Amino acid sequence: MANLILYYSRKGENYVNGSIQSISKGNTERVAEFIREAVGGDLFEVEPVREYSASYMTCIKEAQAEQRGNERPAVKRLPESLEGYDTIFIGYPNWWGTMPMFMFTVLEAFDWTGKKIVPFCTNEGSGLGSSERDIRAACPGATVLPGLSIHGGSAASAEKQAAVWAKKSV
Numbered sequence: 006m007a008n009l010i011l012y013y014s015r016k017g018e019n020y021v022n023g024s025i026q027s028i029s030k031g032n033t034e035r036v037a038e039f040i041r042e043a044v045g046g047d048l049f050e051v052e053p054v055r056e057y058s059a060s061y062m063t064c065i066k067e068a069q070a071e072q073r074g075n076e077r078p079a080v081k082r083l084p085e086s087l088e089g090y091d092t093i094f095i096g097y098p099n100w101w102g103t104m105p106m107f108m109f110t111v112l113e114a115f116d117w118t119g120k121k122i123v124p125f126c127t128n129e130g131s132g133l134g135s136s137e138r139d140i141r142a143a144c145p146g147a148t149v150l151p152g153l154s155i156h157g158g159s160a161a162s163a164e165k166q167a168a169v170w171a172k173k174s175v
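For this note's numbering, add 5 to where a residue sits in the sequence shown, where the first one is 1.
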């Protein structure tokens with residue numbers, strides 16, 4: 006059985022080490038690639054239909070409004086199936102204490118019975134927040150393993166940390 010690495014990552018303006026900076030590759034994407042290098046698997050990038058503002062500060066206000074409304078924004082595409090995958094790594098930035106709301110859209114589209122979910126997130130100090138609990142609630146029947154929190158500003162140098170964790174999780 007194979008691994009699926011399902012993730013969302015923000016490029017462009019991000020909050021990094023206390024200031025707004027532009028990054029060409031999103032932090033969560035970097036960690037997703039490190040996981041694939043360590044344990045193999047298929048990468049699947051989740052993209053919302055409605056793009057967030059290029060401005061980081063506006064983006065997080067948009068994300069907060071979605072969360073307050075308990076919205077389930079549409080995504081451009083879903084994986085065709087989870088068949089053939091026993092371990093699914095789920096990666097996201099921690100926005101307002103959990104995943105972006107469109108990640109719930111993805112999770113709620115599938116039957117997770119018998120699947121192993123391994124969450125990972127990038128953040129600037131808020132850790133995993135409530136995301137592990139939220140994933141358990143959205144994915145009944147799945148086994149949710151302890152997640153990995155990577156400081157966004159350190160994501161580019163987190164290859165060893167991500168690899169050690171990923172190998173323990175499969």
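Just so it is clear, CB atoms sit at the ideal spot from N, CA and C, and this is done for glycine as well.
These numbers were taken from a predicted model, which means no experiment stands behind them.
* For the candidate residues G146, T103, Q26, A114, whose alpha-carbon lies nearest to that of G152? -> T103
* Asked: Which residues share a DSSP beta bridge with F125?
  -> G96, L153
* Since Y20 is in the alpha helix (DSSP H), which residue starts that stretch and which ends it? -> Taken as a continuous stretch (DSSP letters only), Y20 belongs to no alpha helix (DSSP H), being part of the beta strand (DSSP E) at 17 to 21.
* Asked: Once you ignore the five residues that flank L150 on each side, which residues in its own chain have a CB closer than 6 angstroms to its CB?
  -> V123, S174
* Please classify A68: does DSSP put it in a helix, a strand, or coil? => helix
* How do the region 56 to 65 and the region 12 to 19 stand: do at least 3 beta-carbon pairs fall below 8 angstroms, yes or no? -> yes
* Asked: Which whole-angstrom value describes the C-beta separation of N99 and N75, a residue pair presumed to lie in contact below a C-beta threshold of 8 angstroms?
  -> Not really, about 18 angstroms apart at Cβ, beyond 8 angstroms.
* Give a yes or no on whether the C-beta atoms belonging to R35 and A160 are separated by under 8 angstroms. => yes
* Give the DSSP bridge partners of A7, in chain order. => Y90
* Cβ shell of A147 (< 6 angstroms), same chain only, five flanking positions each side left out -> W117, K120, I122
* Compute the Euclidean distance between the alpha carbons of S154 and W101, then round it to the nearest angstrom. => 15 angstroms
* In terms of DSSP beta bridges, what is V176 paired with? -> Lying outside 6 to 175, the shown extent of the chain, residue 176 is not represented and no answer is given.
* Sorry if obvious, but does the Cβ on T103 come closer than 7 angstroms to a heavy atom of the ligand SAH? -> Judged by which ligands are present, the structure shown has none, so any question about the ligand SAH falls away.
* Start-to-end residues for the alpha helix (DSSP H) that takes in S174 -> 164 to 174
* Y24 bridges to which residues according to DSSP? -> Here residue 24 is Ser; the residue named in the question, Tyr, does not match the sequence. Answer is V21.
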